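Everything below concerns the one structure shown next.
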């Protein structure tokens with residue numbers, strides 16, 4: 001069970017959980033793995049007749065991921081009909 005507490009300084013909940021970390025040979029392999037996870041989530045939500053809401057990064061870092069999602073759409077028929085995407089990056 002995850003334990004949490006409220007940070008007195010911020011008022012926000014602090015959660016302590018283990019984060020699974022995977023190391024890939026290269027960014028292409030990482031992009032394929034992440035795209036596969038996103039595709040599985042999209043398809044699960046479609047089966048549940050629910051929207052799939054994603055928070056995605058902008059900029060050049062995720063280009064490989066987005067290219068793989070496009071490939072999954074074009075070559076394997078991945079549908080984005082139920083996807084709502086919020087794209088955000090920090091600039092100052």
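Residue numbers (UniProt numbering): 1 to 92. From the three backbone atoms N, C-alpha and C, an ideal C-beta is built for every residue, glycine too. As the structure is a computational prediction, the values presented were derived from the model and not from experiment.
Per DSSP, residue 83 is one residue of the beta strand (DSSP E) stretching across 83-88. Along the length of the segment 46-81, whole beta strand (DSSP E) runs at least 3 residues long occupy 52-57, reported in chain order. As the crow flies, the alpha-carbon of residue 55 is around 22 Å from that of residue 23.
Pairing residue 57 with residue 89 gives a Cβ-Cβ distance under 8 Å. A Cβ-Cβ separation of about 5 Å places residue 53 in contact with residue 84 under the 8 Å criterion.
In the structure shown, the three-state DSSP call for residue 25 is coil. The three-state secondary structure of residue 8, taken from DSSP, is coil.
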